[in-house]
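*Asks:* According to the UniProt record's numbering, the sequence shown is numbered sequentially starting from 1. Built from N, CA and C at the ideal position, the CB exists for glycine as well. Keep in mind that this is a model prediction, so the values were computed, not measured.
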Amino acid sequence: MLSYIKRFLIGRPLKSTELGEQKLSKTKALAILSSDALSSVAYGPEQILLVLMVVGAVAYWYSIPIAAGVLVLLVALILSYRQIIFAYPHGGGAYVVSKQNLGVIPGLIAGGSLLVDYILTVAVSVSAGTDAITSAFPGLHPYTVPIAVGFVLLITILNLRGVTESATIFAFPVYLFVLALVILICSGLYKIMTGQILPELHAPLGSPVAGISLFLLLRAFASGCSALTGVEAISNAIPNFKEPAPRNAAKTLLAMGGILAVLFTGIVFLAYYYGIGPLAEVTVLSQIAEHTFGRNIMYFFIQGTTALILILAANTGYSAFPLLAVNLAKDKFIPRAFTVRGDRLGYSNGIIFLGLFSILLIIVFEGKTELLIPLYAIGVFIPFTLSQSGMMVKWLREKPPGWIKKFLANTIGALISLLVSVVFFITKFHNVWPVLIFLPLIIYSFYRIHKHYEAIAEQLRISTCERAIPIEGNVVIVPVAGITRVVENSLNYAKSLLPYQIIAVHVPFEKADEAVFEEKWKKWQPDVRLVTLYSPYRSIIHPLIKFVDTVQKKAHEANYQVTVVIPQFIPKKGWHNILHNQSSLLIRAHLLYRRDVIVATVPYHLKK
Numbered sequence: 001m002l003s004y005i006k007r008f009l010i011g012r013p014l015k016s017t018e019l020g021e022q023k024l025s026k027t028k029a030l031a032i033l034s035s036d037a038l039s040s041v042a043y044g045p046e047q048i049l050l051v052l053m054v055v056g057a058v059a060y061w062y063s064i065p066i067a068a069g070v071l072v073l074l075v076a077l078i079l080s081y082r083q084i085i086f087a088y089p090h091g092g093g094a095y096v097v098s099k100q101n102l103g104v105i106p107g108l109i110a111g112g113s114l115l116v117d118y119i120l121t122v123a124v125s126v127s128a129g130t131d132a133i134t135s136a137f138p139g140l141h142p143y144t145v146p147i148a149v150g151f152v153l154l155i156t157i158l159n160l161r162g163v164t165e166s167a168t169i170f171a172f173p174v175y176l177f178v179l180a181l182v183i184l185i186c187s188g189l190y191k192i193m194t195g196q197i198l199p200e201l202h203a204p205l206g207s208p209v210a211g212i213s214l215f216l217l218l219r220a221f222a223s224g225c226s227a228l229t230g231v232e233a234i235s236n237a238i239p240n241f242k243e244p245a246p247r248n249a250a251k252t253l254l255a256m257g258g259i260l261a262v263l264f265t266g267i268v269f270l271a272y273y274y275g276i277g278p279l280a281e282v283t284v285l286s287q288i289a290e291h292t293f294g295r296n297i298m299y300f301f302i303q304g305t306t307a308l309i310l311i312l313a314a315n316t317g318y319s320a321f322p323l324l325a326v327n328l329a330k331d332k333f334i335p336r337a338f339t340v341r342g343d344r345l346g347y348s349n350g351i352i353f354l355g356l357f358s359i360l361l362i363i364v365f366e367g368k369t370e371l372l373i374p375l376y377a378i379g380v381f382i383p384f385t386l387s388q389s390g391m392m393v394k395w396l397r398e399k400p401p402g403w404i405k406k407f408l409a410n411t412i413g414a415l416i417s418l419l420v421s422v423v424f425f426i427t428k429f430h431n432v433w434p435v436l437i438f439l440p441l442i443i444y445s446f447y448r449i450h451k452h453y454e455a456i457a458e459q460l461r462i463s464t465c466e467r468a469i470p471i472e473g474n475v476v477i478v479p480v481a482g483i484t485r486v487v488e489n490s491l492n493y494a495k496s497l498l499p500y501q502i503i504a505v506h507v508p509f510e511k512a513d514e515a516v517f518e519e520k521w522k523k524w525q526p527d528v529r530l531v532t533l534y535s536p537y538r539s540i541i542h543p544l545i546k547f548v549d550t551v552q553k554k555a556h557e558a559n560y561q562v563t564v565v566i567p568q569f570i571p572k573k574g575w576h577n578i579l580h581n582q583s584s585l586l587i588r589a590h591l592l593y594r595r596d597v598i599v600a601t602v603p604y605h606l607k608k
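1) Take E46 and list the residues in its own chain whose beta-carbon comes closer than 6 Å to its own, dropping the five residues that flank it on each side.
2) Using DSSP's beta-bridge definition, name the partner residues of Y88.
3) In whole angstroms, what separates the C-alpha of W521 from that of Q501?
4) Put V104 into one of helix, strand or coil per three-state DSSP.
5) For residue 617 and T292, which I take to be in contact (beta-carbon distance under 8 Å), what is that distance rounded to the nearest angstrom?
6) Which residues mark the beginning and the end of the alpha helix (DSSP H) in which T532 is found?
7) Would you say S125 and A110 are within 8 Å of each other, going by their C-beta atoms?
8) Go through its chain and collect everything with a Cβ distance to H590's Cβ below 8 Å, but skip five positions before and after it.
9) DSSP on G20, reduced to helix/strand/coil?
10) Which partner residues does T601 have in the DSSP bridge list?
11) L102 and V393 - do their beta-carbons sit closer together than 8 Å?
12) Quickly, what does DSSP pair Y500 with across the bridge? List them, please.
13) Determine the direct distance from the alpha carbon of N474 to that of N559, and round the result to whole angstroms.
14) Exposed or buried, D596, counting other C-beta atoms within 10 Å across all chains shown (16 or more means buried)?
15) Tell me which residues share the same chain as K607 and place their Cβ nearer than 6 Å to its Cβ, disregarding the 5 neighbours each side in the sequence.
16) Using CA atoms only, rank isn't needed, just tell me which of T121, T306, L530, G91 is closest to Y318.
17) Where does Y453 sit, in a helix, a strand or coil, going by DSSP?
18) Using 8 Å for Cβ pairs, my map puts V326 next to Y493. What's the rounded Cβ distance?
19) Have a look at F300 and K28 and give me their C-alpha separation to the nearest angstrom.
20) Do the CB positions of I78 and L253 come within less than 8 Å of each other?
21) DSSP on Q561, reduced to helix/strand/coil?
22) Using beta-carbon positions only, say whether T563 and V476 come within less than 8 Å of one another.
23) Can you tell which of G188, P571, I311, S490 has the C-alpha that lies nearest to the C-alpha of I147?
24) To which residues of the same chain is R397 closer than 8 Å at the C-beta, ignoring the five residues directly before and after it?
25) Please classify F215: does DSSP put it in a helix, a strand, or coil?
26) Would you call M256 buried or exposed, if buried means 16 or more other Cβ atoms sit within 10 Å of its Cβ?
27) On a Cα-Cα basis, can you pick out the residue from V486, I503, E472, T265 that is closest to V478?
28) Could you tell me the boundaries of the alpha helix (DSSP H) in which Q303 lies?
29) Quick one: what's V505 bridged to in DSSP?
30) Under 8 Å by Cβ, that's how I've got F86 and P246 pegged, so tell me the actual separation to the nearest angstrom.
31) Hey, A233 and T305: beta-carbon distance below 8 Å or not?
32) Assign T427 to buried or exposed, taking buried as 16 or more other Cβ atoms, counted over all protein chains shown, within 10 Å of its Cβ.
33) Does DSSP put F338 in a helix, in a strand, or in coil?
34) I need the straight-line Cα distance from F407 to I192, nearest angstrom please.
35) When burial is assigned at 16 or more other CB atoms within 10 Å of the CB, is I66 buried or exposed?
36) Less than 8 Å between the beta carbons of A57 and G275, yes or no?
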């Protein structure tokens, strides 16, 4: 039944030879990898206004120069990540750049930050999309968390179906959103130019504002930089592009940067000119759409496409997280299971992990976008700073032709990213303090996992392992619960292990049963030695393990191998297992951790 459900949800398995068909064209890649950055237009401008409203609506004019500062950082990041794409065409982005140029620890900080950031990408995007829906339909506010969780499950399933299939589905809403905002911005500018929007709605540029400070402006700038989250995703996902992958990725990055700059600037300007400020249950974008079109079909079209792209922006995380996890897993810092491709040739373990942790965050933070965004942004700007700094070191070390311009672009990007990170920590410490706890824990986990893999490699390497002691024979222990076909099947297998000594072990709970069983055994298997271990405390495991340990010590001295053959019957139907006590599984679980003891399970399949 489970396999049928899986096939229905995920689709038929794909051959490894079909991997090339799962690569993305520039058009699809722009949709699937830029949706996070483009969707941030829906909440980035609002984050600026949320800070400025502290000193009053007259301060909203500062959103214009702040937006200009954000665009300067955007240009620096686009130029930098374009260089990273060509310098590191196998993907990995900030993690690979930082690790190779700054060292392992900065690389792990960047990698750990990005892993968390992509989880937050899903949580923030879906929560913001749900906000857009509840802004249009206020009656849905009480169901914010269930709606968000449902969307995460849907996107997870779509990504498990494969990269190209999810890209095909997600491309249309992304381009529809871009079209909707272009129409909104053009319509708003037309109304302004034709005098339909009164200038009195906003304070003129340069108006004096009481209580304004450099610190407040830096805080507003840092908040506005949340619109740049997702810019790095393309550099992480280069292997997903069709050949020539680096060139296609670079072109896609430039297209994304251009679209993001136009949309962000347009929304900030309209919000300023309309004199719009943040409201508790209505987004700034929703207010702009309502002021421009009224509450008609165009308003709902914009809200609908905004909700769609915000929700589908989570797909950027699903595209980049598994590939970053692959790079970390190849370097032995996270479990190797993340390098395994699923039935549809995607890295399904990474996709499932991302979906589960995103749901957990949505539940813990109750789907409140404003609580998630500071964590989200700081998780982006730490890798931004490290990757820019790594590229600076690379240019200083290699000094290729034209390296000074590249170095200056990376220096500007590094300084601004560092400034944003510091401002976030200072101004929003009450929101971002968990970073100081979970990031060191993640780095510590990376090191523990790496140490484990290195220890295993050292022990398994033939050149360094101790020489194996030759086995002179086999002592086979067979736990027996009674005289049955299951036991007979296991004994026949044990007898095939030549040369051998077979010891059947029975653990009775009643003293009277001991002699009765021994008498029956002599008649049934007179050539197999039987040992009975009376257990007054009704435990099978303890006396059996103690006996195995005793035999193993003596066998080791004679260079004999101890093998425990466990009889187990397999019911015809899976649900029949709950009707039995599964003693064989418990015995196996305990014995697997015994040194120099081989455990073999002999199944006996029931027909009814």
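*Replies:* Put simply:
1) Along the sequence shown, read from residue 1 onward, the residue named residue 46 stands at position 46. Result list for E46: P278, V284, in chain order.
2) If you number the sequence shown from 1, residue 88 lands on position 88. Looking at the DSSP assignment, Y88 forms no beta bridge with any residue, so it has no partner.
3) Here residue 521 refers to the residue found at position 521 of the sequence shown. Here residue 501 refers to the residue found at position 501 of the sequence shown. Cα-Cα distance, rounded: 17 Å.
4) Indexing the sequence shown from 1 puts residue 104 at position 104. It is helical.
5) Examination of residue 617 is not possible in this model, given that the chain is present from 1 through 608 alone.
6) Indexing the sequence shown from 1 puts residue 532 at position 532. Segment 529-532 is the beta strand (DSSP E) holding T532; no alpha helix (DSSP H) there.
7) For the purposes of this step, residue 125 is identified with residue 125 of the sequence shown, where counting begins at 1. For the purposes of this step, residue 110 is identified with residue 110 of the sequence shown, where counting begins at 1. Contact: no.
8) Start at 1 with the first residue of the sequence shown, and residue 590 comes out as number 590. Closer than 8 Å at Cβ, skipping near neighbours: I541, I545.
9) For the purposes of this step, residue 20 is taken as residue 20 along the sequence shown, with counting starting at 1. Below a pLDDT of 50, predicted positions are generally treated as unreliable, and G20, at 48, falls in that range; no measurement from the model is reported.
10) Your numbering for residue 601 matches position 601 in the sequence shown. Note: T601 sits in a beta bridge opposite I566.
11) For the purposes of this step, residue 393 is taken as the residue at position 393 of the sequence shown. For the purposes of this step, residue 102 is taken as the residue at position 102 of the sequence shown. Yes.
12) Here residue 500 corresponds to residue number 500 of the sequence shown, with the count starting at 1. Paired residue(s): N474.
13) On the sequence shown, position 559 is the one that residue 559 refers to. On the sequence shown, position 474 is the one that residue 474 refers to. Between N559 and N474, the C-alpha separation is close to 9 Å.
14) Mapped onto the sequence shown, residue 596 falls at position 596. So D596 ends up on the exposed side.
15) Taking the first residue of the sequence shown as 1, we reach residue 607 at position 607. Excluding sequence neighbours, K607 sits near nothing in its chain.
16) By one-based count along the sequence shown, residue 318 stands at place 318. Comparing Cα positions, the closest option is T121.
17) Within the sequence shown, residue 453 is the residue found at index 453, counting from 1. Residue state, collapsed to three classes: helix.
18) Start at 1 with the first residue of the sequence shown, and residue 326 comes out as number 326. Start at 1 with the first residue of the sequence shown, and residue 493 comes out as number 493. Actually they are not in contact, since the Cβ atoms of V326 and Y493 sit about 41 Å apart, beyond 8 Å.
19) By 1-based counting over the sequence shown, the position of residue 300 is 300. By 1-based counting over the sequence shown, the position of residue 28 is 28. Their Cα atoms are separated by approximately 26 Å.
20) Residue 78 sits at position 78 when you count from the first residue of the sequence shown. Residue 253 sits at position 253 when you count from the first residue of the sequence shown. Yes, the pair counts as a contact, with Cβ atoms nearer than the cut-off.
21) Position 561 of the sequence shown, counted from the first residue, corresponds to residue 561. Three-state result, Q561: strand.
22) Here residue 563 refers to the residue found at position 563 when the sequence shown is read from its first residue. Here residue 476 refers to the residue found at position 476 when the sequence shown is read from its first residue. Closer than 8 Å, so yes.
23) For the purposes of this step, residue 147 is taken as the residue at position 147 of the sequence shown. Of the candidates G188, P571, I311, S490, the one whose C-alpha sits nearest the C-alpha of I147 is I311.
24) By 1-based counting over the sequence shown, the position of residue 397 is 397. Excluding residues within five positions, the ones whose Cβ falls inside 8 Å are N101.
25) What you label residue 215 is simply residue 215 of the sequence shown in a count that begins at 1. Of the three classes helix, strand and coil, the one that applies to F215 here is helix, per DSSP.
26) In the sequence shown, residue 256 corresponds to position 256, counting from 1. Buried, because 16 or more other Cβ atoms sit within 10 Å of the Cβ of M256.
27) Locating residue 478 in the sequence shown gives position 478, where the first residue counts as 1. Considering only alpha carbons, the answer is I503.
28) In the sequence shown, residue 303 corresponds to position 303, counting from 1. 297-312 is the extent of the alpha helix (DSSP H) around Q303.
29) Residue 505 sits at position 505 when you count from the first residue of the sequence shown. Its beta-bridge partners are P479, V531.
30) Indexing the sequence shown from 1 puts residue 86 at position 86. Indexing the sequence shown from 1 puts residue 246 at position 246. Contact flag correct, Cβ pair sits at about 5 Å.
31) As a working note, residue 233 is residue 233 in the sequence shown. As a working note, residue 305 is residue 305 in the sequence shown. Not in contact: A233 and T305 (Cβ atoms no closer than 8 Å).
32) Reading the sequence shown from its first residue, position 427 is the one you call residue 427. Counting Cβ neighbours within 10 Å, T427 comes out buried, since at least 16 surround it.
33) Taking the sequence shown and counting its residues from 1, one reaches residue 338 at position 338. Reduced to three states, the DSSP call for F338 is helix.
34) The sequence position of residue 407 within the sequence shown is 407, counting from 1. The sequence position of residue 192 within the sequence shown is 192, counting from 1. Straight-line Cα distance between these residues: approximately 41 Å.
35) Here residue 66 corresponds to residue number 66 of the sequence shown, with the count starting at 1. Buried, since its Cβ has 16 or more Cβ neighbours within 10 Å.
36) Locating residue 57 in the sequence shown gives position 57, counting from the first residue. Locating residue 275 in the sequence shown gives position 275, counting from the first residue. In this structure, G275 lies closer than 8 Å to A57 by Cβ.
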